[in-house]
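Take a look at the structure below.
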Amino acid sequence: MDVKNLHTYFYTKAGVSKAVNGVNFSLREGEILGIIGESGSGKSVAVKSILQIVPRPGKIAEGQIIYRGRDLLADKQAIGQVRGKDITMIFQEPMTSLNPVLTIGRQLTEGIRLHLGLSKEEANQRACEFLKQVKITNPEELLTRYPHHLSGGMRQRVMIAMALATDTKILIADEATTALDVTIQQQIIYLLKELRDRLHMSIIFITHDMGVINEIADNTAVMYCGKIQEYASTYEVMKHPRHPYTEALLKAIPSIDAEQQKLSTIPGSVPSLLALPEGCSFSNRCTQCTDRCREEEPKLIRLEDGHRVRCWKYDGQGEVVDS
Amino acid sequence: MKFLKRLLSNKLAVLGIFFILIFLLASLFAPLIATQDYSEMDLYNVLALPSAEHLMGTDEMGRDIFSGIIYGARTSVLIGVSVLLFGGLVGTAIGILAGFFEGKLDMVLMRIIDTLMAFPSILLAMFMIAIIGTGLKGAIVAVSIATVPRFARIVRSSVLKTKKNEYVDACRVLGQSNMKILFRHILPNGMAPIIVQATLTFSEAILIISGLGFLGLGADPMSAEWGAMLSNARAYLMTKPHIAIFPGIAIAITVLGFNLLGDGLRDTLDVKEY
Amino acid sequence: MKYVMKRLLSALVVVFLTSIIVFCIVHLIPGDPAMVYAGAGAKQEQVENVRIEMGLDKPLVVQYINWAGGILQGDFGTSLATKQPILPVLMDKFHNTFILSALGIVFAVGFGLLLGIVSALKHNSFIDLISMFIAIIGISMPIFWVGMLLVMVFSVQMGWFPATGNDTWVSYILPTITIGMNSMAIITRMTRSSVLEVLNEDYMVTAVAKGLRGRTVILVHALKNAMIPIVTTIGMQFGYLMGGAVLTETVFVYPGLGRYLVDSLTKRDYPAIQASILLLAVVFVVVNFIVDSTYYKLDPKMKDA
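Chains as they are written, first to last, in the numbering used here: chain A, 624 to 946; chain B, 54 to 327; chain C, 77 to 381.
Encoded structure:
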């Protein structure tokens, strides 16, 4: 899948909030892409735009989302065929993401029956298969139960099974481990990686937790104020961060061994999406900020090793990839 | 006073307040506004259409309807406030007992309250009237009892909710007595739903009272009371329907006013137990 | 099942308690019950006769047992006003009120649900505003005035519907609207707020993300959840409806239980008052019980409670 120049804005009484302001990325088959950023960076809105489930008053203002040769945004029919089938999503809160008055079985099979046209028995069978894939031991019994019978970790597994059972090619996980205990988090991350290997699917993993990104993602995109600021393999981003924002984020992670008197923070605060600054959106908080940063917004450039970064520090070191 | 600002920005609530003000002013300044004493009967002018002399016409006994409406407002306020006081105090007391002490007391009280709530207010009121007898006193007591369950429920749930807050535990650790905790902390913080309930109770009370008046079970049918006026108008519905219009509008506007205000308060104070 | 049994027990307790209170009406009013039964202007001798006849000299508990026993066997006593047994009259009136209430609730639920759902789906649109406007007026207008207005417009002016009685099916229309109007408004508001709340829940986003077709999403996922509080409201409304029956029946001179109760109150016909109130109480308890049981079926969480 290729996402090109995606802009999604929220048209509110207070003004236009540019939640996603020019995002580009590619996703290969079998790749796990991690998108990291703080709250309000636009990562959630970006992936919701892919599925076209952006809540009001948000609207996709421009862009192209190419999947298997079709632009999902231009081709009106395409998204209906793809949503919930080829491209699926799991959410942050397993406790409230399942319908409390419908059985697990019903919620699992309705997608299967709709998208794959199976009969009730076939759908139930398939549901059980996928429940086994997510390491649930007695799936047949689970089908008749209700969400409130399950723990958070189990509900999230059910959500994953639900997403996969329709022959998903791209699974989008929007903060899917954020609300879980650390140990359960580990299990889910491990499970997702295993499933990617076995089913050859791609995953877009959204989170604000660097530790999780490190564990699961092949490549990482760092988002801030609606734009991607840095985009490279996870190893490179973690070990050799180029963008001051990424550097600051990594520095802010407290370490058990290090001798620290004070926790490192990033001074200042995120600018309002209703009134973004003229130059680089990180300029008001960046320790290496220059005049040019304040006046002109840097473009995303690709450095020699393929590492992409949006910062004037690297001006002239690579070709411009997007605006 | 941020709350006032928010409330006043809700246009429907403002409309409600407007209606309520008309109602209150009419009842307060009744002798000044009404054109004549309601008991005056202009026997040469029965069932007259609105005119300069009788702004809303006259009823079947020649009484000025406009004056009747104005004095009727006074009656309604009296009854409404009495009901609110009695029903509110008793209901709040029960709610506090149940919510604060919980346990067996709570269970018993709530059983009683639930039983009472299962019955429509007007029938509860009629039941009380069966025992107490008709008339103004009976009507007030009857309607008060009908509003007790609702207050009890709301106060109880408010107390239960507020009790759970950690600052209550903090108060206890500091050694504050139960009474103090209750009145200083729990009640003030739990006031919002109670206020909404009080507003809506007032509107309900007016409906029930006028209903009783209509049935002849409430205030003295000869006195200025909107329900009673409508009851009198019934006999002439076929021939002179106009006398039924104004009392009904009076009731509707007053009730609407309190309902709009209640809704507005509920939205502004963000009360969810409704 | 245990839940249902618990509610049943609860219901029986309430009926029992109510019967005690109802029984006590005669003894709670000031004055001598025997005199009440004998009627005004009865001579001392007659009063004493009545006292023995009605068993008023026996201890209270025995009196209650006799009275309750009678009721369970179908003997609701004799009306002071008509000197006739109450039961047949009571049943006839109740039958009428029941029909009117049933029609009223069908009207209220039918239009209420429809309007409420449409308003919620078309949140903040013109239809929504109009519906809410109608709804809030609907709960503010006194029932009896609504009835009178309807009569004024549709019977007197236009002559479409009869103003009184219950002979033809047409004569049921105005009373039904009158009795149901208030409840309809309440149901509309409740439905709208319940559906709106459900539409904002996370699981609705999940449903959309799964690619479920619009209609499926709304109908199944949303309504099944939204209906839970709505059903409770509807159940409560049936009770209030029967309360409103009193007023509606008076306006339309409809021969129902409500009017019978009012007449009895005015005439101080205590046996009739007691019988009517007891019957109404039992009906409410039964309705509440049925509603509770349905609620239990709708909400899976209750099944484990």
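Beta carbons are placed, not taken as given, at the ideal position from N, Cα and C, and that holds for glycine.
A quick note: this is a predicted structure, and the numbers were derived from the prediction, not measured.
C-beta neighbour in chain C for residue i, strict 7 Å
{"i": "G330 of chain B", "result": "Chain B is shown from 54 up to 327; residue 330 of chain B falls before or after that span and cannot be answered."}
{"i": "G775 of chain A", "result": "no"}
{"i": "E716 of chain A", "result": "yes"}
{"i": "L176 of chain B", "result": "yes"}
{"i": "L162 of chain B", "result": "no"}
{"i": "I676 of chain A", "result": "yes"}
{"i": "P294 of chain B", "result": "yes"}
{"i": "G740 of chain A", "result": "no"}
{"i": "G707 of chain A", "result": "yes"}
{"i": "T857 of chain A", "result": "no"}
{"i": "A151 of chain B", "result": "no"}
{"i": "V724 of chain A", "result": "yes"}
{"i": "L721 of chain A", "result": "yes"}
{"i": "G734 of chain A", "result": "yes"}
Collapsed DSSP secondary structure at residue i in the structure displayed
{"i": "G941 of chain A", "result": "coil"}
{"i": "Q687 of chain A", "result": "strand"}
{"i": "G144 of chain B", "result": "helix"}
{"i": "S256 of chain B", "result": "helix"}
{"i": "S369 of chain C", "result": "helix"}
{"i": "G999 of chain A", "result": "The displayed coordinates of chain A run from 624 to 946. Any statement about residue 999 of chain A would go beyond what the structure contains."}
{"i": "S906 of chain A", "result": "helix"}
{"i": "I147 of chain C", "result": "helix"}
{"i": "L387 of chain B", "result": "Only positions 54 to 327 of chain B appear in this structure, which leaves residue 387 of chain B out of reach."}
{"i": "R925 of chain A", "result": "strand"}
{"i": "G681 of chain A", "result": "strand"}
{"i": "Q675 of chain A", "result": "coil"}
{"i": "N200 of chain C", "result": "coil"}
{"i": "V893 of chain A", "result": "coil"}
{"i": "N722 of chain A", "result": "coil"}
{"i": "Y327 of chain B", "result": "In this predicted model, Y327 of chain B has a pLDDT of only 47, less than 50, meaning its place in the structure is not dependable enough to derive any value."}
{"i": "N628 of chain A", "result": "strand"}
{"i": "T240 of chain C", "result": "coil"}
Contact check, residue i vs residue j, beta carbons under 7 Å
{"i": "L283 of chain B", "j": "P300 of chain B", "result": "yes"}
{"i": "I182 of chain B", "j": "L270 of chain B", "result": "yes"}
{"i": "L696 of chain A", "j": "Q687 of chain A", "result": "yes"}
{"i": "C916 of chain A", "j": "G929 of chain A", "result": "no"}
{"i": "D278 of chain C", "j": "S720 of chain A", "result": "yes"}
{"i": "G334 of chain C", "j": "A321 of chain C", "result": "yes"}
{"i": "M785 of chain A", "j": "L873 of chain A", "result": "no"}
{"i": "S667 of chain A", "j": "T631 of chain A", "result": "no"}
{"i": "A746 of chain A", "j": "I759 of chain A", "result": "no"}
{"i": "V123 of chain C", "j": "A110 of chain C", "result": "yes"}
{"i": "A215 of chain C", "j": "I262 of chain C", "result": "Here the sequence assigns Ile to residue 215 of chain C, which means Ala is not the residue at that position. Cβ atoms of I215 of chain C and I262 of chain C: closer than 7 Å."}
Interface flag, residue i vs chain B, CB-CB below 7 Å
{"i": "L88 of chain C", "result": "no"}
{"i": "M81 of chain C", "result": "no"}
{"i": "F306 of chain C", "result": "Here the sequence assigns Ile to residue 306 of chain C, which means Phe is not the residue at that position. For I306 of chain C, the answer is no, since every Cβ of chain B falls outside 7 Å of its Cβ."}
{"i": "F360 of chain C", "result": "yes"}
Any non-hydrogen atom of the ligand NAD closer than 6 Å to residue i Cβ
{"i": "L886 of chain A", "result": "The ligand NAD is not part of this structure, which contains no ligands at all."}
One or two residues paired with residue i in a DSSP bridge
{"i": "S86 of chain C", "result": "In the DSSP output, where bridge partners are listed per residue, S86 of chain C has none listed."}
{"i": "A844 of chain A", "result": "A:I658, A:Y854"}
{"i": "S640 of chain A", "result": "A:F633"}
{"i": "M712 of chain A", "result": "A:I795"}
{"i": "S825 of chain A", "result": "A:I793"}
{"i": "R706 of chain A", "result": "A:I710"}
{"i": "P161 of chain C", "result": "C:T154"}
{"i": "T830 of chain A", "result": "A:I659"}
Contact with chain A by residue i, beta-carbon distance below 7 Å
{"i": "K373 of chain C", "result": "no"}
{"i": "K300 of chain C", "result": "yes"}
{"i": "H297 of chain C", "result": "yes"}
{"i": "I377 of chain C", "result": "The sequence given here has Lys at residue 377 of chain C, not Ile. Yes, K377 of chain C lies at the interface with chain A (some Cβ there is under 7 Å from its Cβ)."}
_Give me the subset of the region 263 to 290 of chain C whose CB atoms are less than 9 Å from a CB atom of chain A, sorted by chain position._
Residues of the region 263 to 290 of chain C whose Cβ lies closer than 9 Å to any Cβ of chain A, in chain order: E277, D278, Y279, M280, V281, T282, A283, V284, A285, K286, G287, L288, R289.
*Taking a Cβ distance cut-off of 9 Å, strictly less, list which residues of the region 303 to 321 of chain B are near chain C, in chain order.*
If the cut-off is 9 Å between Cβ atoms, the region 303 to 321 of chain B has I304, A305, I306, T307, V308, L309, G310, F311, N312, L313, D316 near chain C.
_Give me the subset of the region 262 to 291 of chain B whose CB atoms are less than 9 Å from a CB atom of chain C, sorted by chain position._
Of all residues in the region 262 to 291 of chain B, S263, G264, F267, L268, G269, L270, W279, G280, L283, S284, A286, R287, L290, M291 have a Cβ within less than 9 Å of some Cβ in chain C.
*Give, in chain order, every residue of the region 206 to 220 of chain C whose Cβ lies closer than 7 Å to some Cβ of chain B.*
Near chain B, meaning a CB-to-CB distance below 7 Å, the residues of the region 206 to 220 of chain C are I212, I213, I215, S216, M217, P218, F220.
*For the region 653 to 672 of chain A, enumerate the residues whose C-beta is nearer than 9 Å to any C-beta of chain C, in chain order.*
Answer in chain order: K671.
*Taking only beta carbons into account, state which residues of the region 823 to 847 of chain A come closer than 7 Å to chain C, listed in chain order.*
Against chain C - using a Cβ distance shorter than 7 Å - the region 823 to 847 of chain A contributes no residues.
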